[in-house]
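Engineer:
2 protein chains.
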Amino acid sequence: MAPPGEGRDAALLPEFPRGPLDTYRARASFSWKELALFAEGEDMLRFKKTIYSALENDPLFARSPGAHLSLEKYRELNFLRCKRIFEYDFLSVGGMFENPLKVSTLTQCLGMYDWSLAAKYLLHTLVFGSAVFSSGSERHFAYIQKIFSMEIFGCFALTELSHGSNAKAIRTTAHYNPATEEFIIHSPDFEAAKFWIGNMGKTATHAVVFAQLYVPGGQCHGLHAFIIQIRDPKTLLPMPGVMVGDIGKKLGLNGLDNGFAVFHKVRVPRQSLLNRMGDITPEGTYVSPFKDARQRLGASLGSLSWGRVAIMGMAVANLKLAVSIAVRFSATRRQFGPTEDEEIPVLEYQTQQWRLLPYLAAAYALDHFSKSLFLDLVEFQRGLAAGDRSARQAELGREIHALASAGKSLASWTAQQGIQECREACGGHGYLAVNRLGVLRDDNDPNSTYEGDNNVLLQQTSNYLLGLLACRVQDGACFRSPLKSVDFLDSYPSILDQRFEVSSVADCLDSAAPRCFPPGGLGEIHRKSRARAVPTSSVPPACPMPSSHHSPICQLCVTENSLKPQPCLCLAFASLCVW
Amino acid sequence: MAPPGEGRDAALLPEFPRGPLDTYRARASFSWKELALFAEGEDMLRFKKTIYSALENDPLFARSPGAHLSLEKYRELNFLRCKRIFEYDFLSVGGMFENPLKVSTLTQCLGMYDWSLAAKYLLHTLVFGSAVFSSGSERHFAYIQKIFSMEIFGCFALTELSHGSNAKAIRTTAHYNPATEEFIIHSPDFEAAKFWIGNMGKTATHAVVFAQLYVPGGQCHGLHAFIIQIRDPKTLLPMPGVMVGDIGKKLGLNGLDNGFAVFHKVRVPRQSLLNRMGDITPEGTYVSPFKDARQRLGASLGSLSWGRVAIMGMAVANLKLAVSIAVRFSATRRQFGPTEDEEIPVLEYQTQQWRLLPYLAAAYALDHFSKSLFLDLVEFQRGLAAGDRSARQAELGREIHALASAGKSLASWTAQQGIQECREACGGHGYLAVNRLGVLRDDNDPNSTYEGDNNVLLQQTSNYLLGLLACRVQDGACFRSPLKSVDFLDSYPSILDQRFEVSSVADCLDSAAPRCFPPGGLGEIHRKSRARAVPTSSVPPACPMPSSHHSPICQLCVTENSLKPQPCLCLAFASLCVW
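Taken in sequence, the protein lines are chains Y and A. Position one of the first sequence corresponds to residue 1 (full-length UniProt numbering), numbered consecutively onward. Position one of the second sequence corresponds to residue 1 (full-length UniProt numbering), numbered consecutively onward.
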């Protein structure tokens, strides 16, 4: 391979345009091109470039910064853009199978442009499309072609007005009538209206609808998915018995039409049942490959776990955007300085670094985590498809579920807090809409809620860990898991005993030192450093607070290398300044 | 006084309309009417009722929930509403002096309706008006009458595109020309454009403009304020040499027209100088009651400290609104339950209580703090006006500055985090725009930035505290301040030695117990409670984590009284679940 910056790489990774960031870029201790190639790989970089170039050159994707689109106009534009993405055909079905990571890369590229677009595209193809593909059988595969040609437009209708987290308690009913070989789909009241359904508000013609399946005689077989036409594809008028509409403005993602639907005794053919998990004979007998309803529900909702891993990637993309905006601004914004005439970039201030750089690091760490977990999930799904019923496969499923539940919460909250910090670190300019931090915050926000509320999901991970703990306590088993994510717990007592051992203030600034505290707190470092390492003339005043009240980064303690010593924040507001 | 709920109180505090919250309200252990009278006082409750009744009955203030106003239309409406507030004349200048707390009450009432309205009103009357009144002299008082009749409409133009925090470095110039007895107001380049100025975008006719004052010969006397006409009050067309416009959409407060202005050698009469702090003779000699420029700047920017105290009240109002929305929703939203058929309100879950109730408590605490600090500031200003030059007056000024700096940061961040938690605790419904949590978050957001970035302001408080500490170390002085806010520091070693000492799980749930931890952490409580207090049958499983890793509220440790025991969150995500 040619050295980065030469030959083919120069086209793939051209130099940045010259500007006020040049000074900082010239000071980098590494080649950003090598880092990009290392982190993404050439193939993926090319794929991204294809997508971005297409959008950059297409007037449909041109933006008018500062323009104030009406809700109607924005949604119309978003639908047209979604349609155009299908025309570009960046990724065929074959391509998805060949390199599944390209699916999440495409989502993130579209999201970096506009999350409403990414959501609209994703909900139609991957959520609606995958549900038809994975829950249906051959008789439903005709829909797949129509999905990719956008002859029909779909949505995934699980949530109801009164039931989100508790999906099992969904109240829409599907009563089978053998006389006509039809199901009667019905919403008992407005609280059972399907609600929040992305694409349903204005544009979906078809919906995968979850309902409680009742056989003749009145027995309920639990939640099942049906594919139901809700609008005429030509006129977009609702089908008879379907009351469908838009739920209105949201905090973000307003290019996406989230909707509601109330079904009034809507008759659909028997074949509407997506029958991979359970079917009904023409006469009305229920048949299923699964023995109990709980197992069946788990299998039919299985496609939801992809969502959590996808959300990790989305949150990371938001964090990357926000941190890039804030760090670049901080490198060019000058305020105060050593003299009245010379102001320095705010990035030079310890406080600004302390606010932003941990989020920059988090973006890299979470990016790697989300990609590797995505590939683990691909491996798991391939095992499922191949009929792997080994103990390892089952254990892998549990571990991925636990990692995706915690990882989605961690990534979405880190992005939420990171974007907020970036907004504030850019001061007033961060509050101008044109600088995008507001849109990022608004569009990232539902990542904490959908596909499982973060607080609820964390309990899934806790359950998993407590289960492992119970095995250890009862059977003396070691902490072991297929992806080795829990193995370190075997040595947690010794890990927790580790202490931060440095002998000088300079060591404190060394990122290679583990970030724990000595038994005596940072005060101990002071004492050591005063005794040994720091020349007397530059000894900072000893931090007066007891070590238990130090914030992780005590400004007074580590002023040695700073351009502008700042007072010890931990004195007054230890609880506010802990990152 | 008649018992609450009878006689005149029934009109002042009518019963709530009957509804799904009745059950919880009936269970209250106190009278909400008594609490309201205690917290606000009858006079203030009547004042609020007057304001709210007027707005409720005036069609100009009617809202269309879900309507999507264009930026132009919203700003137009906001201006008309602002004008109407003057017509209602809720509070005369005399009324302000008589009961200054009514000023912040009026601001908060308007803000609870719409912060864009409160900001527009406040910027014109209190910020622009007060600057003219406090920095000007008798020759400027003719403006005051025009301000209250809205013949002119004003803004306060300090910040420039490239200078916010570092106000001393403002670069707009005012050169005095004795030949014409005029100042030449000039912006050297676009970075010196006045920027972010509320009301300047579309509606202000006059601005208090801060500029560096130069006398003939070229000596600079530092920042001074000038009152300058920027638009024709009839046509709203800009005055010659003034390039003025709107800075565009923001994350929130979009009813307010924030603007910019570039001055190109604009000639204004000598009398435009607001000359309380310094004046110029017709011949061009500078005269000032202050000896050095630093002291003069401090005095001319003195009116800014009101802003910080006002922001505390605004943030508290936002927190009150958000917590009310979230707690009411949680009391009516049912999800999961002890059986499949019976779902319980989400407010019954420990996690939901743990997420919301501390913010409810914070709203009460900060409400009291912001009001009492406001009254302290009134006392301080009265001392200033009366010419009090005592040591106590000076010390009071320093203490109020420190409290307002930290209090503004604490209140705005607590509100920011509280609103976010409320948004998430309401799940998807919290993400619907009509439920208002998004607007609250967006409108509260700049409270962390304007009138001093929170991180910068905290250093003001740190400086104050470190100053006191230096006195103690050098002179053995006690921690003492006029408002006694620092006196507790004298006993901080013993305070920090206090330990949480309880002997049973039930004691952990007692809010009267101090919220510290025993030397052994919550694990210690477990061991004690297992040994003594809890019947063996209901002993929860011992929390397996070392005590140093417990979160403040460990779910596993305090499940005894919960409806639905939940796994120990601290095991997996101690760092995420600490409040």
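A virtual CB, placed ideally from N, CA and C, is assigned to each residue, including glycine.
For the stretch 454 to 466 of chain Y against the stretch 405 to 424 of chain Y, do three or more pairs of beta-carbon atoms, one drawn from each stretch, fall closer than 8 Å, so that the two count as touching?
Structural biologist: Flag = yes, the stretch 454 to 466 of chain Y and the stretch 405 to 424 of chain Y touch.
Engineer: Relative to chain Y, which residues along the stretch 441 to 454 of chain A have a C-beta separation below 9 Å, given in chain order?
Structural biologist: For the stretch 441 to 454 of chain A, which is checked against every Cβ of chain Y, the residues closer than 9 Å are ARG441, ASP442, ASP445, PRO446, SER448, THR449, TYR450, ASP453 and ASN454.
Engineer: Check PRO17 of chain A in the structure and name its three-state DSSP category.
Structural biologist: If you number the second sequence from 1, residue 17 of chain A lands on position 17. The answer is coil: DSSP assigns PRO17 of chain A none of H, G, I, E or B.
Engineer: Taking the beta strand (DSSP E) that ILE185 of chain Y falls in, what are its first and last residues?
Structural biologist: Within the first sequence, numbered from 1, the residue matching residue 185 of chain Y stands at position 185. 182 to 186 is the span of the beta strand (DSSP E), which, as asked, contains ILE185 of chain Y.
Engineer: Which residue's Cα is closest to the Cα of LEU21 of chain A: A:ALA331, A:GLY438 and A:GLU421?
Structural biologist: Locating residue 21 of chain A in the second sequence gives position 21, counting from the first residue. Answer by Cα proximity: A:ALA331.
Engineer: Mind checking whether THR173 of chain A and GLU160 of chain A have CB atoms under 8 Å apart?
Structural biologist: Here residue 173 of chain A refers to the residue found at position 173 when the second sequence is read from its first residue. Here residue 160 of chain A refers to the residue found at position 160 when the second sequence is read from its first residue. Taking 8 Å as the Cβ cut-off, THR173 of chain A and GLU160 of chain A do not qualify as a contacting pair.
Engineer: For the stretch 335 to 354 of chain A, enumerate the residues whose C-beta is nearer than 8 Å to any C-beta of chain Y, in chain order.
Structural biologist: So the close ones are GLN335, PHE336, GLU340, GLU343 and THR351.
Engineer: Which residues of chain A have a Cβ atom closer than 8 Å to the Cβ of VAL434 of chain Y, listed in chain order?
Structural biologist: Here the question's residue 434 of chain Y lines up with position 434 in the first sequence. Result: GLY248 and LYS249.
Engineer: Could you give the DSSP three-state label for ASP475 of chain A: helix, strand or coil?
Structural biologist: What you label residue 475 of chain A is simply residue 475 of the second sequence in a count that begins at 1. In the structure shown, ASP475 of chain A sits in a helix (DSSP, three-state: H, G or I).
Engineer: Would you mind working out which of A:GLU342, A:ARG81 and A:GLY129 sits nearest LEU117 of chain A, comparing C-alpha positions?
Structural biologist: Mapped onto the second sequence, residue 117 of chain A falls at position 117. Considering only alpha carbons, the answer is A:ARG81.
Engineer: Less than 8 Å between the CB atoms is what I'm expecting for TRP132 of chain A and ILE247 of chain A, so what's the real figure, rounded?
Structural biologist: In the second sequence, the residue the question calls residue 132 of chain A occupies position 132. In the second sequence, the residue the question calls residue 247 of chain A occupies position 247. Going by the sequence as given, residue 132 of chain A is Val instead of Trp. At roughly 24 Å, the Cβ-Cβ gap does not stay under 8 Å, so VAL132 of chain A and ILE247 of chain A are not in contact.
Engineer: For the UniProt domain "Acyl-CoA oxidase/dehydrogenase middle" (155 to 266) of chain A, list the beta strand (DSSP E) runs that are entirely contained and at least 3 residues long, ordered along the chain.
Structural biologist: DSSP runs (the beta strand (DSSP E)) wholly in the UniProt domain "Acyl-CoA oxidase/dehydrogenase middle" (155 to 266) of chain A: 173 to 177, 182 to 186, 194 to 198, 206 to 214, 220 to 229, 242 to 246 and 258 to 263.
Engineer: For chain A, find out if any of its Cβ atoms is closer than 8 Å to the Cβ of PRO233 of chain Y; answer yes or no.
Structural biologist: Indexing the first sequence from 1 puts residue 233 of chain Y at position 233. Taking Cβ atoms only, chain A never reaches closer than 8 Å to PRO233 of chain Y, which makes this a no.
Engineer: Counting only the same chain and skipping the five closest in sequence on each side, list residues whose C-beta sits under 8 Å from that of ALA404 of chain A.
Structural biologist: Reading the second sequence from its first residue, position 404 is the one you call residue 404 of chain A. Closer than 8 Å at the Cβ level, and outside the excluded window around ALA404 of chain A, lie SER305, ARG308, VAL309, MET312, LEU373 and LEU377.
Engineer: Quick one: which residues of the stretch 422 to 433 of chain Y get their C-beta closer than 8 Å to a C-beta of chain A? List them in chain order.
Structural biologist: The residues in question are ARG423, GLU424, GLY427, GLY428, GLY430, TYR431, LEU432 and ALA433.
Engineer: Roughly how many whole angstroms lie between the Cα atoms of ASP445 of chain Y and GLY252 of chain Y?
Structural biologist: If you number the first sequence from 1, residue 445 of chain Y lands on position 445. If you number the first sequence from 1, residue 252 of chain Y lands on position 252. Distance between the alpha carbons of ASP445 of chain Y and GLY252 of chain Y is about 8 Å.
Engineer: Please give the ranges of any alpha helix (DSSP H) in the stretch 271 to 352 of chain Y, keeping only runs that are unbroken, at least 4 residues long and fully inside the region.
Structural biologist: The qualifying runs are 293 to 300 and 304 to 332.
Engineer: Considering only C-alpha positions, which residue in the set Y:ASN463, Y:SER288 and Y:ASN99 is nearest to MET44 of chain Y?
Structural biologist: Within the first sequence, the letter at position 44 stands for residue 44 of chain Y. Taking only the C-alpha atoms, the option nearest MET44 of chain Y is Y:ASN99.
Engineer: Taking all protein chains shown into account, do 16 or more other C-beta atoms lie within 10 angstroms of the C-beta of PHE190 of chain Y, making it buried, or fewer, making it exposed?
Structural biologist: In the first sequence, counting from the first residue as 1, residue 190 of chain Y sits at position 190. Exposed.
Engineer: By Cβ distance below 7 Å, which residues in the same chain neighbour LEU55 of chain Y in space, the five residues on each side in sequence not counted?
Structural biologist: For the purposes of this step, residue 55 of chain Y is taken as residue 55 along the first sequence, with counting starting at 1. Taken in chain order, the residues that qualify are PHE61 and TYR113.
Engineer: ARG333 of chain Y: buried (16+ other C-beta within 10 angstroms of its C-beta) or exposed?
Structural biologist: Taking the first sequence and counting its residues from 1, one reaches residue 333 of chain Y at position 333. The residue is buried, with at least 16 neighbouring Cβ atoms inside 10 Å.
Engineer: At least one CB of chain A closer than 8 Å to the CB of LEU71 of chain Y: is that the case?
Structural biologist: Locating residue 71 of chain Y in the first sequence gives position 71, counting from the first residue. Taking Cβ atoms only, chain A reaches closer than 8 Å to LEU71 of chain Y, which makes this a yes.
Engineer: Enumerate in chain order the residues of its own chain whose CB-to-CB distance from VAL323 of chain Y is below 8 Å, with the five nearest sequence positions on each side excluded.
Structural biologist: In the first sequence, residue 323 of chain Y corresponds to position 323, counting from 1. Within the same chain, VAL323 of chain Y has close Cβ partners LEU356, TYR359, LEU360, ALA363, GLY418 and CYS422.
Engineer: Do MET243 of chain Y and VAL262 of chain Y have their CB atoms nearer than 8 Å?
Structural biologist: Your numbering for residue 243 of chain Y matches position 243 in the first sequence. Your numbering for residue 262 of chain Y matches position 262 in the first sequence. Cβ atoms of MET243 of chain Y and VAL262 of chain Y: closer than 8 Å.
Engineer: What three-state label does DSSP hand PRO269 of chain Y in the structure shown?
Structural biologist: Within the first sequence, numbered from 1, the residue matching residue 269 of chain Y stands at position 269. If DSSP states are grouped into helix, strand and coil, PRO269 of chain Y belongs with the strands.
Engineer: Name, please, each residue of chain A whose Cβ falls closer than 7 Å to the Cβ of SER330 of chain Y.
Structural biologist: Indexing the first sequence from 1 puts residue 330 of chain Y at position 330. Within chain A, no residue comes near SER330 of chain Y; the closest Cβ sits about 13 Å away, beyond 7 Å.
Engineer: In chain order, what residues of the stretch 156 to 186 of chain Y put their CB closer than 8 Å to some CB of chain A?
Structural biologist: For the stretch 156 to 186 of chain Y, which is checked against every Cβ of chain A, the residues closer than 8 Å are THR159, SER162, HIS163, GLY164, SER165, ASN166, LYS168 and ALA169.
Engineer: Can you give the Cα-Cα distance for LYS73 of chain Y and TRP115 of chain A, rounded to whole angstroms?
Structural biologist: Numbered from its first residue, the first sequence carries residue 73 of chain Y at position 73. Numbered from its first residue, the second sequence carries residue 115 of chain A at position 115. The alpha-carbon atoms of LYS73 of chain Y and TRP115 of chain A are separated by roughly 27 Å.
Engineer: Counting only Cβ-Cβ distances shorter than 8 Å, please list the residues of the stretch 383 to 405 of chain Y near chain A, keeping chain order.
Structural biologist: Those residues of the stretch 383 to 405 of chain Y that come within reach of chain A (Cβ to Cβ, closer than 8 Å) do not exist; the list is empty.
Engineer: List the residues of chain A that HIS68 of chain Y touches, going by C-beta distances under 7 Å, in chain order.
Structural biologist: On the first sequence, position 68 is the one that residue 68 of chain Y refers to. Result: SER70, LEU71 and LYS249.
Engineer: Note the first and the last residue of the continuous alpha helix (DSSP H) segment covering THR50 of chain A.
Structural biologist: By 1-based counting over the second sequence, the position of residue 50 of chain A is 50. Here the alpha helix (DSSP H) through THR50 of chain A covers 42 to 57.
Engineer: Hey, does TRP196 of chain A have any beta-carbon neighbour from chain Y nearer than 8 Å?
Structural biologist: In the second sequence, counting from the first residue as 1, residue 196 of chain A sits at position 196. It does; some Cβ of chain Y falls within 8 Å.
Engineer: Can you pull out the residues from the stretch 217 to 228 of chain Y whose beta carbon lies closer than 8 Å to at least one beta carbon of chain A?
Structural biologist: Listed by position along the chain: nothing, the set is empty.
Engineer: Have a look at ALA326 of chain A and CYS426 of chain A and give me their C-alpha separation to the nearest angstrom.
Structural biologist: Your numbering for residue 326 of chain A matches position 326 in the second sequence. Your numbering for residue 426 of chain A matches position 426 in the second sequence. When rounded, the distance between both Cα atoms is 6 Å.
Engineer: To the nearest angstrom, how far is it from the Cα of ASP388 of chain A to the Cα of VAL439 of chain Y?
Structural biologist: Stepping through the second sequence from its first residue, residue 388 of chain A is reached at position 388. Stepping through the first sequence from its first residue, residue 439 of chain Y is reached at position 439. Roughly 50 Å between the two C-alpha positions.
Engineer: Distance check for ALA26 of chain A and TYR52 of chain A, CA to CA, integer angstroms please.
Structural biologist: One-based indexing of the second sequence puts residue 52 of chain A at position 52. One-based indexing of the second sequence puts residue 26 of chain A at position 26. Distance between the alpha carbons of TYR52 of chain A and ALA26 of chain A: 26 Å.
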